[in-house]
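So the protein sequences, as listed, match chains A and B.
Quick note: the first sequence uses my numbering, first residue 1, plus one each step.
Quick note: the second sequence uses my numbering, first residue 1001, plus one each step.
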Amino acid sequence: MSITADRARRPTAERGLRPAMAVLHTWGGLLFGWLLFAIFVTGTVSYFRDEISLWMRPEIGQLTATTPDVAADAALRQLRKNSVGVRRWMIDLPTDRSPVTSALVLRDPKTGPAATRLTLDPASGAPIKARNTAGGDFLYYFHFDLYMPQRFGRYLTCTAAIVMLVAFVSGVITHRRIFKDFFTFRPRRGQRSWLDAHNALGVTALPFHVMITYTGLITLLPLYLPWGIEAMYPDGRQEFVIEMFDDAPPRKTLNVAAPLAPIAPLLAIASAEWQGGTVGRLVIDNPGDRAATIRLVRQDSERISHAVQSMLFDGSNGALISKTPVTGAAAEARGIFHGLHLARFSDIWLRWMFFISGIVGCAMIATGLVLWSVKRRRNAANVGHKIVDALNVTAITGLPIAIAAYFLCNRLLSATSPGRTLWEVGCFFAVWLIAGLHAAIRPQRDAWREQLWIAALLFATVPTVNAIRTERGLATSLVSGDWVFAGFDLTALATAVFFAISAAHYARRGEVAA
Amino acid sequence: MRPTWLLMTARILTGFVGGYILSAIVALFLAKALPVVRLEAVLTGAMIGFVINVVAIIWAFAARTTLRACLGILVPCALFGAITPFIR
């Protein structure tokens, strides 16, 4: 028996490092590719979470900026008007990106709704009447929760992130001439072109991809690897939460009325403590009671690190109770990793760079998925191959279609209709499901062509419907320098153009391999 | 002769299940063993654990034989698993 014959019987992994890594890359990438694509798309979009939320509530006009002192004072004056049974006020002060004050009111359920969200004018504290919407928050939470019950979505996201990192390592090892090939692009050569595109996209933004995937895992660290926490904090998670997030449970009420201490001096103390930093959030527990506390949390856009910096004051006399201790190296590293992932620190230009890098990541995953199919075109009649093709279409064009439908639903539903938040989310999933069914029923070529055109059409419709249904159409926002609205509408148009070009290109070449 | 699919299944299980177990054990070991305050030790252990998880999966497929792949994960698991309970 010759050595070659013996080798042929061995699994691919035993024939050498490169084929083994290729197997891992191909199949790991395929199985998690659709999920990873959805995570990357919604994550990339979430760089503009605040801006999307503003666009989805067009009633919030452009507001004049105020100081944190004025905004905090105005918000508290407003909230005090109805403080029966209140357990907590959580007030997010306006930022450069979101000009409103948002307040969350938690109540004793016996005295009113357990949780109420309010949007306040920062200068006057008056509530702003704006439509309910799932907003940018829905896409943000979908990015790691996947809209699944319990923590299931988060575990799945963690697993996908591990597979993504494995795909980076195995992909680089598989890739024989990583530097030389980077300058190689062979257009209109079917499989070759898809491979070149996949490689170029992967290599260009590789540092970003590795960073964003690893830091993504860090954000879910206590969930994925809780074993050290379990062992070192035998009294329960609470102790860990206190040490890590400086977030102790509220004190017990004394049932003795006492007014809240003036807020401005406390903001000044916090600002001095943080060398001129500003307060972004106020958490006030048991307001009006002798046992009230005021926790001031630093604005997270001021630092790269997302490790919490906060100060806790006695609510009635304003005395300092505690402040975040100086963090160690590991806690600081974790905070910086977490902060890098969220990118709250970045200005508008860096934010766009992150956004573009994210798009490159989406394109890398998409080209990888298509490459799998194109490479095995001979088996296109197999059931398995058909399922892959249908899922490719559902993910790569179906998800953008669902997102466009989600934005359109926000504009088409009446601003006052009850339960409109759920309708928006329902619309997103219903449209995605229909796209999936369409991809399953139609022949692959027709499915791609039709969905590319539908995506183009829907994204072109978004600014159009916005111009019809609100007073803040693209022409108006461009003239008035309203860059949140203009930016959103222009991005939607650019997306529409991208899909239209893809569709036209596809129609001309007649196959994905174009 | 061992069939190919069996060897492949062994590598997949070793990599994905064994890899996670190894990362969990290492994270636990470091959380207990590192001579720093507990928050620091816990976070360091978990941050290294993620890397171990990825490396273990790569190893499970990169090792020349399936036996080496399995042993490469099992031996450190056993080693750290044996020491960790005795750290106070």
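Backbone N, C-alpha and C define an ideal beta-carbon position, used for all residues, glycine too.
Just so it is clear, the structure is predicted and the values come from calculations on it, not from any experiment.
Short CB-CB distance (under 9 Å) between residue i and chain A
| i | result |
| --- | --- |
| Ala1078(B) | no |
| Gly1049(B) | yes |
| Ala1082(B) | no |
| Val1036(B) | yes |
| Val1054(B) | yes |
| Val1017(B) | no |
| Val1075(B) | no |
| Leu1030(B) | yes |
| Phe1086(B) | no |
| Gly1072(B) | no |
| Leu1013(B) | no |
| Leu1022(B) | no |
Bounding residues of the beta strand (DSSP E) (the contiguous stretch that carries residue i)
| i | result |
| --- | --- |
| Thr119(A) | 115-120 |
| Met90(A) | 86-92 |
| Thr293(A) | 293-298 |
Residue burial classification, residue i (beta-carbon count within 10 angstroms, cutoff 16)
| i | result |
| --- | --- |
| Pro149(A) | exposed |
| Lys1032(B) | buried |
| Arg508(A) | exposed |
| Ser322(A) | exposed |
| Ser480(A) | exposed |
| Phe485(A) | buried |
| His505(A) | exposed |
| Thr1044(B) | buried |
Backbone secondary structure at residue i - three-state DSSP
| i | result |
| --- | --- |
| Phe321(A) | Sequence inspection shows Ile at residue 321(A); the Phe mentioned does not correspond to that position. If DSSP states are grouped into helix, strand and coil, Ile321(A) belongs with the strands. |
| Arg107(A) | strand |
| Leu312(A) | strand |
| Leu452(A) | helix |
| Asp446(A) | helix |
| Ile284(A) | strand |
| Pro265(A) | helix |
| Pro187(A) | coil |
| Pro985(B) | Within the shown structure, residues of chain B are numbered from 1001 to 1088, placing residue 985(B) beyond reach of any answer. |
| Ala123(A) | coil |
| Ala257(A) | strand |
| Asp289(A) | strand |
| Ala8(A) | Residue placement at Ala8(A) is flagged as unreliable, the pLDDT there being 46, under the threshold of 50; the coordinate-derived value follows with that caveat. Ala8(A): helix per DSSP, three-state reduction. |
| Ser480(A) | helix |
| Ser53(A) | helix |
CB contact below 9 Å: residue i versus chain B
| i | result |
| --- | --- |
| Tyr224(A) | yes |
| Tyr233(A) | yes |
| Ile3(A) | At Ile3(A) the pLDDT is 43, less than 50, meaning the model places this residue with poor confidence and gives no usable figure here. |
| Ala20(A) | yes |
| Ile229(A) | yes |
| Val166(A) | yes |
Inter-residue Cα distance where the pair is residue i and residue j
| i | j | result |
| --- | --- | --- |
| Leu342(A) | Arg378(A) | 43 Å |
| Asp108(A) | Arg88(A) | 10 Å |
| Arg154(A) | Pro222(A) | 11 Å |
| Val1075(B) | Trp352(A) | 47 Å |
| Leu35(A) | Gly29(A) | 10 Å |
| Leu490(A) | Val370(A) | 28 Å |
| Phe407(A) | Leu399(A) | 13 Å |
| Gly1049(B) | Gly318(A) | 43 Å |
Start and end residues, alpha helix (DSSP H) containing residue i
| i | result |
| --- | --- |
| His306(A) | Neither: His306(A) is in no alpha helix (DSSP H) and is coded neither H nor E. |
| Trp274(A) | Note, Trp274(A): premise wrong, no alpha helix (DSSP H); not H, not E. |
| Asn382(A) | No alpha helix (DSSP H) contains Asn382(A), which DSSP labels as neither H nor E. |
| Phe142(A) | 135-145 |
| Glu332(A) | 329-342 |
| Leu1080(B) | Note that residue 1080(B) is Phe in the sequence shown here, rather than Leu. Unbroken alpha helix (DSSP H) run through Phe1080(B): 1066-1083. |
| Val172(A) | 152-174 |
| Phe32(A) | 17-45 |
Residue-chain proximity (residue i, chain C), Cβ-Cβ < 9 Å
| i | result |
| --- | --- |
| Trp349(A) | Absent from the structure is chain C; the protein chains it does hold are A and B. |
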